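So the protein sequences, as listed, match chains A and B. If you're matching positions, the first sequence starts at 172 in my numbering and goes up one per residue. If you're matching positions, the second sequence starts at 172 in my numbering and goes up one per residue. C-beta atoms are modelled at their ideal positions from N, C-alpha and C, and glycine is treated no differently. Since the model is a prediction, treat every value here as computed from it, not as a measurement. To start, the structure under review is shown below, and the notes come after it.
2 protein chains.
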Amino acid sequence: MFLRARPLEFEALKPIVVLNKSDADDLGVKALDRVELLFNRLKINAIVNISQRMMPAGEIGLYGSVQEKLKANFGDNIKVLAADRPESLSYIRKRMSGRSLSSGELRKIIEDVVGQALSEIEITSFVISLYNHGMSSREAAALSMAMARTGKTLHFPGRRIFDKHSIGGVPGDKTSMLLVPTVAAAGLTIPKTSSRSITSPAGTADRVECLCPVTLSIPEIRRVVQKTNGCMAWGGAVDLAPADDIFIQIEYPLAIDPLLLPSVMSKKKAVSADFLVIDIPTGRAVKIKSIEEAQELGRSFVELGKKLGIRVDCVSSFGEQPIGYGIGPALEAREALTTALTGKGPRDLIEKVSHLASVLFDFNRNRNSKQKAMDIIRNGKMGKKFLEIIEAQGGNPRIKPEDLPVGDKVVKIKSNRNGKVFWFNNASIARIAREAGAPKDKGAGILLHKKLNDKVRKGETLFEIYAEKNYKLDRALELSKELNIIGIGKDYEMVLAEIPEEEEHRKYFILER
Amino acid sequence: MFLRARPLEFEALKPIVVLNKSDADDLGVKALDRVELLFNRLKINAIVNISQRMMPAGEIGLYGSVQEKLKANFGDNIKVLAADRPESLSYIRKRMSGRSLSSGELRKIIEDVVGQALSEIEITSFVISLYNHGMSSREAAALSMAMARTGKTLHFPGRRIFDKHSIGGVPGDKTSMLLVPTVAAAGLTIPKTSSRSITSPAGTADRVECLCPVTLSIPEIRRVVQKTNGCMAWGGAVDLAPADDIFIQIEYPLAIDPLLLPSVMSKKKAVSADFLVIDIPTGRAVKIKSIEEAQELGRSFVELGKKLGIRVDCVSSFGEQPIGYGIGPALEAREALTTALTGKGPRDLIEKVSHLASVLFDFNRNRNSKQKAMDIIRNGKMGKKFLEIIEAQGGNPRIKPEDLPVGDKVVKIKSNRNGKVFWFNNASIARIAREAGAPKDKGAGILLHKKLNDKVRKGETLFEIYAEKNYKLDRALELSKELNIIGIGKDYEMVLAEIPEEEEHRKYFILER
Numbered sequence: 172m173f174l175r176a177r178p179l180e181f182e183a184l185k186p187i188v189v190l191n192k193s194d195a196d197d198l199g200v201k202a203l204d205r206v207e208l209l210f211n212r213l214k215i216n217a218i219v220n221i222s223q224r225m226m227p228a229g230e231i232g233l234y235g236s237v238q239e240k241l242k243a244n245f246g247d248n249i250k251v252l253a254a255d256r257p258e259s260l261s262y263i264r265k266r267m268s269g270r271s272l273s274s275g276e277l278r279k280i281i282e283d284v285v286g287q288a289l290s291e292i293e294i295t296s297f298v299i300s301l302y303n304h305g306m307s308s309r310e311a312a313a314l315s316m317a318m319a320r321t322g323k324t325l326h327f328p329g330r331r332i333f334d335k336h337s338i339g340g341v342p343g344d345k346t347s348m349l350l351v352p353t354v355a356a357a358g359l360t361i362p363k364t365s366s367r368s369i370t371s372p373a374g375t376a377d378r379v380e381c382l383c384p385v386t387l388s389i390p391e392i393r394r395v396v397q398k399t400n401g402c403m404a405w406g407g408a409v410d411l412a413p414a415d416d417i418f419i420q421i422e423y424p425l426a427i428d429p430l431l432l433p434s435v436m437s438k439k440k441a442v443s444a445d446f447l448v449i450d451i452p453t454g455r456a457v458k459i460k461s462i463e464e465a466q467e468l469g470r471s472f473v474e475l476g477k478k479l480g481i482r483v484d485c486v487s488s489f490g491e492q493p494i495g496y497g498i499g500p501a502l503e504a505r506e507a508l509t510t511a512l513t514g515k516g517p518r519d520l521i522e523k524v525s526h527l528a529s530v531l532f533d534f535n536r537n538r539n540s541k542q543k544a545m546d547i548i549r550n551g552k553m554g555k556k557f558l559e560i561i562e563a564q565g566g567n568p569r570i571k572p573e574d575l576p577v578g579d580k581v582v583k584i585k586s587n588r589n590g591k592v593f594w595f596n597n598a599s600i601a602r603i604a605r606e607a608g609a610p611k612d613k614g615a616g617i618l619l620h621k622k623l624n625d626k627v628r629k630g631e632t633l634f635e636i637y638a639e640k641n642y643k644l645d646r647a648l649e650l651s652k653e654l655n656i657i658g659i660g661k662d663y664e665m666v667l668a669e670i671p672e673e674e675e676h677r678k679y680f681i682l683e684r
Numbered sequence: 172m173f174l175r176a177r178p179l180e181f182e183a184l185k186p187i188v189v190l191n192k193s194d195a196d197d198l199g200v201k202a203l204d205r206v207e208l209l210f211n212r213l214k215i216n217a218i219v220n221i222s223q224r225m226m227p228a229g230e231i232g233l234y235g236s237v238q239e240k241l242k243a244n245f246g247d248n249i250k251v252l253a254a255d256r257p258e259s260l261s262y263i264r265k266r267m268s269g270r271s272l273s274s275g276e277l278r279k280i281i282e283d284v285v286g287q288a289l290s291e292i293e294i295t296s297f298v299i300s301l302y303n304h305g306m307s308s309r310e311a312a313a314l315s316m317a318m319a320r321t322g323k324t325l326h327f328p329g330r331r332i333f334d335k336h337s338i339g340g341v342p343g344d345k346t347s348m349l350l351v352p353t354v355a356a357a358g359l360t361i362p363k364t365s366s367r368s369i370t371s372p373a374g375t376a377d378r379v380e381c382l383c384p385v386t387l388s389i390p391e392i393r394r395v396v397q398k399t400n401g402c403m404a405w406g407g408a409v410d411l412a413p414a415d416d417i418f419i420q421i422e423y424p425l426a427i428d429p430l431l432l433p434s435v436m437s438k439k440k441a442v443s444a445d446f447l448v449i450d451i452p453t454g455r456a457v458k459i460k461s462i463e464e465a466q467e468l469g470r471s472f473v474e475l476g477k478k479l480g481i482r483v484d485c486v487s488s489f490g491e492q493p494i495g496y497g498i499g500p501a502l503e504a505r506e507a508l509t510t511a512l513t514g515k516g517p518r519d520l521i522e523k524v525s526h527l528a529s530v531l532f533d534f535n536r537n538r539n540s541k542q543k544a545m546d547i548i549r550n551g552k553m554g555k556k557f558l559e560i561i562e563a564q565g566g567n568p569r570i571k572p573e574d575l576p577v578g579d580k581v582v583k584i585k586s587n588r589n590g591k592v593f594w595f596n597n598a599s600i601a602r603i604a605r606e607a608g609a610p611k612d613k614g615a616g617i618l619l620h621k622k623l624n625d626k627v628r629k630g631e632t633l634f635e636i637y638a639e640k641n642y643k644l645d646r647a648l649e650l651s652k653e654l655n656i657i658g659i660g661k662d663y664e665m666v667l668a669e670i671p672e673e674e675e676h677r678k679y680f681i682l683e684r
């Protein structure tokens with residue numbers, strides 16, 4: 172059947188065409204069936220949407236991506252044929268019934284996810300089949316490989332590659348920013364790619380961007396790493412394991428994360444990692460609540476790593492309060508820069524950086540790894556490397572912490588009693604910092620004045636909220652009155668606080684990767 | 172935040188708005204989050220899509236339904252606020268984790284499905300949670316009630332309502348067309364609503380439409396039923412249990428049917444049925460393969476009926492060949508009309524109609540129910556009632572079978588050997604009839620010349636393919652050469668035929684309801 176092209180003012184991830192009901196009936200296709208389009212010696216497959224009203228009979232509506240691929244203009248005659256559904260759909264159905272899939276079947280699914288041949292309904296079904304029936308380590312390995320191979324990859328011939336990943340959930344965690352220069356200063360290669368925030372006040376890419384560009388191409392990453400042994404680039408700019416980004420769009424509204432393991436490991440495989448340390452923050456207010464859970468997750472990562480040729484070590488770290496004092500891109504970048512330049516900083520931050528570095532040094536069979544890491548941090552080598560990387564990525568190597576602009580709308584939150592700090596609520600801290608504008612407004616966030624076990628006097632400042640815009644400061648302040656983010660009490664006091672009930676569907680931070 | 176309206180040339184089931192990434196970040200919302208829109212004293216919630224390219228900052232793209240509800244034109248200032256996700260989403264997540272839901276929670280989900288407050292990803296997740304974890308009869312009852320109550324309903328005060336449903340899958344099944352007048356002629360009330368074909372060559376609504384209008388409003392249905400005791404209306408025109416239509420759109424590409432029971436029973440509840448006979452065609456080529464399966468499904472329907480106040484009786488009927496000889500809307504309508512007018516017709520058709528009618532008569536405590544049904548069919552009362560209903564729905568009561576146009580492109584398929592008919596493949600028959608143009612081309616389809624156990628001589632016609640268009644006849648003929656639809660053999664012959672392998676993902680007929 173020939174239909175006249177009608178380009179639609181519309182952008183979509185999938186190749187969608189819109190047919191009039193009558194033409195669809197003639198072709199024998201229904202909504203979400205597939206058609207083959209032929210025009211100008213080009214041939215593509217598209218997913219059918221059907222309209223009763225908007226599309227006249229004899230015409231075919233082309234979404235942006237379809238029009239671009241076909242190079243068709245208004246009124247062009249497109250040959251349209253009914254097409255079979257992608258083969259991968261039968262594998263998805265097989266997985267839904269609880270049967271496991273071969274590597275080849277999983278690869279076909281991932282290829283069709285990346286190739287935009289599957290609809291949202293179909294991808295959702297796949298994600299949920301993994302959520303429901305779990306995933307064997309063989310399947311996880313096959314998925315990781317398929318996800319890595321359907322995207323760009325980084326190679327550094329002749330170098331052994333070290334890498335780090337955090338399961339996330341702790342606000343203010345600027346560990347990676349200091350770990351990369353510590354490890355690189357020791358002569359190891361660590362081409363770190365990081366994500367931007369999904370639901371947290373800042374991702375590592377957001378933090379580093381206060382100091383230098385993070386949107387690097389693959390040749391730029393290679394150049395920076397060859398020069399400095401390390402980099403701190405935004406992973407989203409280099410299209411590593413793009414299937415993962417599509418899965419995250421499905422998982423986010425459902426707050427499920429069945430692809431956590433392949434998601435993390437596919438990105439590590441894509442950068443050719445040989446050695447990997449994974450930080451698993453553990454505690455009440457993060458995803459992993461207990462050391463037992465952390466151990467179970469950690470063992471799964473180690474096992475998957477073996478199948479992928481990556482040596483993995485996992486660390487369960489204390490996750491019940493923010494790392495350091497600053498929360499929000501610029502406040503965190505300031506704190507990291509100060510720590511790098513002086514070799515001194517918040518004890519928990521220094522401790523976490525040096526421990527994770529020591530795990531990577533152990534892979535390298537270094538002796539006294541922990542001491543070695545502390546030395547590099549304190550003797551200025553880490554700071555020097557930090558500035559080198561900033562410069563190589565296009566930033567100013569003479570930048571000072573006070574050069575980093577932070578929000579000029581500030582409010583202090585004070586204690587209404589004497590006591591000591593008993594607990595923090597990480598999820599509430601993240602929500603308030605985001606309400607203040609983070610991560611979009613880089614200068615917005617929270618600056619803590621107190622941490623766990625610190626003594627507090629009535630009237631003393633507990634924390635400050637920073638914002639760039641008054642209305643956002645107001646919103647954040649209002650929210651901070653609703654949510655308890657910090658608990659002050661006296662020793663032996665048993666009732667810690669009246670904790671307001673949070674609605675279940677606001678807890679989205681589990682997807683931070 | 173205020174954004175300028177930009178109506179989009181776009182129709183969608185959901186209330187979707189498109190935001191520029193930067194505005195979305197300022198609002199703190201992501202793709203598939205919700206916003207509240209205020210304009211002109213109107214307030215509606217919408218689902219967020221995000222565009223980097225197509226939507227300029229400061230503007231908000233409105234899909235058709237949003238624009239209509241808000242009555243906003245290009246450039247109008249819309250107040251936009253971040254909104255919570257619908258409460259029902261947390262119930263969907265609860266169900267995904269395997270926990271069962273209360274009636275109130277299920278009702279909220281159905282309300283939000285019908286109210287278009289949930290995205291495709293979210294509805295898919297709900298459907299699959301039912302597929303994976305099954306459904307208790309309590310949940311099935313709650314869903315049925317919620318699905319019935321969120322749509323239109325039919326009431327006939329003072330009348331006891333009789334109804335029939337078929338699980339489907341048998342081509343040429345024109346039973347309902349003759350059952351309704353048989354039952355109505357006995358003085359019982361049977362306001363039958365039927366679906367159009369989804370994947371079969373004809374639904375009952377498609378067949379009846381060859382004789383009279385089927386798109387009736389609720390007052391029209393009431394008038395027809397008050398006059399004749401029965402009707403044969405298209406259910407899709409009266410918005411009974413609209414949630415079901417939305418679920419079917421999700422289930423169709425996945426070829427799953429977890430909502431079968433609530434789907435059927437919600438529509439019956441919506442027409443206030445008191446007594447219901449359910450036909451479960453059973454055999455190799457239909458959904459239910461064995462009598463044991465049919466019994467299990469039947470028991471579920473009976474149990475669910477008890478909870479809903481509907482008395483249900485299920486019949487497992489022979490499903491291994493088409494009913495009668497005609498397949499396709501007009502060919503089937505001709506056969507039904509001939510049978511109605513003469514009281515004579517294919518034995519399997521007469522047998523099926525009279526048996527299902529006798530089940531309804533039994534509910535009414537009639538004696539000799541089967542004989543009574545046969546009498547009504549044979550003594551002309553059924554035919555008279557058939558024409559009465561046709562006339563009441565706006566058709567011509569003097570219509571003759573030969574007045575019904577069938578396709579004038581016809582090809583005969585002949586036997587290449589002597590023997591007898593051993594088997595039919597219903598799924599292949601449906602595919603060929605659809606390829607010939609059914610149900611869209613009402614005159615297209617297949618006319619069988621032989622049925623099971625009939626003797627066949629080499630060169631005799633096995634069946635004819637009818638089409639209205641030459642290219643469709645060609646396509647159907649080509650497909651009929653690929654697919655074996657009829658097996659001819661000799662007694663004691665063990666190899667029936669070489670059956671070509673069908674691709675798994677073409678078997679979609681299970682959703683026919």
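- With fewer than three CB-CB distances shorter than 8 Å, the region 345-359 of chain A does not count as touching the region 455-469 of chain A.
- The region 587-627 of chain A contains, as complete alpha helix (DSSP H) runs of 4+ residues, the segments 597-606 (chain order).
- Annotated three-state conformation of residue 649 (chain B) is helix, per DSSP.
- The beta carbon of residue 604 (chain A) lies closer than 6 Å to those of 372, 498, 499, 616 and 617 in the same chain, with the five residues before and after it left out.
- Between the alpha carbons of residue 593 (chain B) and residue 645 (chain B) lies a gap of roughly 27 Å.
- Interface with chain B (8 Å Cβ-Cβ cutoff): residue 292 (chain A) is included.
- Only 605, 606, 608, 610, 611 and 612 from the region 604-631 of chain B bring a Cβ to less than 9 Å from some Cβ of chain A.
- Between residue 456 (chain A) and the set A:595, A:224, A:189 and A:640, the nearest pair of CA atoms involves A:595.
- A buried status is given to residue 337 (chain B), since no fewer than 16 other beta-carbon atoms sit within 10 Å of its beta-carbon.
- With a contact defined as Cβ atoms closer than 8 Å, residue 600 (chain B) and residue 493 (chain B) qualify at about 6 Å.
- Between the alpha carbons of residue 523 (chain B) and residue 397 (chain B) lies a distance of about 27 Å.
- Annotation: residue 637 (chain A) to residue 628 (chain A) spans about 23 Å, alpha carbon to alpha carbon.
- Residues of the region 419-440 of chain B with a C-beta less than 8 Å from any C-beta of chain A: 420, 421, 423, 424, 425, 426 and 427, listed in chain order.
- Take the alpha-carbon of residue 235 (chain A) and the one of residue 179 (chain A): they are about 7 Å apart.
- Using a Cβ-Cβ cut-off of 8 Å, residue 481 (chain B) does not count as an interface residue toward chain A, since no Cβ of chain A sits closer than that to its own.
- For the 8 Å CB-CB criterion, residue 250 (chain A) and residue 173 (chain A) form a contact.
- Here residue 390 (chain B) is exposed. Its C-beta has fewer than 16 other C-beta atoms within 10 Å.
- Three or more beta-carbon pairs drawn from the region 318-325 of chain A and the region 427-442 of chain A are found closer than 8 Å, and the two stretches are therefore classed as touching.
- The contact set of residue 299 (chain A) on chain B, defined by CB atoms closer than 8 Å, consists of 267, 295, 296, 299, 300 and 303 in chain order.
- A contact between stretches requires three or more CB pairs, one per stretch, nearer than 8 Å, and the region 645-656 of chain A fails this requirement with the region 532-548 of chain A.
- Residue 556 (chain B) does not reach chain A, its nearest Cβ partner there being about 32 Å away, counting only Cβ pairs nearer than 7 Å.
- When the Cα atoms are used, residue 472 (chain B) and residue 485 (chain B) turn out to be separated by approximately 8 Å.
- At a beta-carbon threshold of 9 Å, none of the residues of chain A lie near residue 185 (chain B); the nearest stands roughly 12 Å away.
- Counting along the chain, residue 452 (chain A) sits inside the beta strand (DSSP E) bounded by residues 446-453.
- For residue 566 (chain B), there is no enclosing alpha helix (DSSP H), as DSSP marks it with neither H nor E.
- At a Cβ-Cβ threshold of 8 Å, residue 527 (chain A) and residue 448 (chain A) count as neighbours.
- In the three-state reduction of the DSSP assignment, residue 389 (chain B) falls in the helix class, which pools H, G and I.
- Excluding sequence positions up to five before and after residue 602 (chain A), its CB lies within less than 7 Å of the CB of 650 and 654, all in the same chain and listed in chain order.
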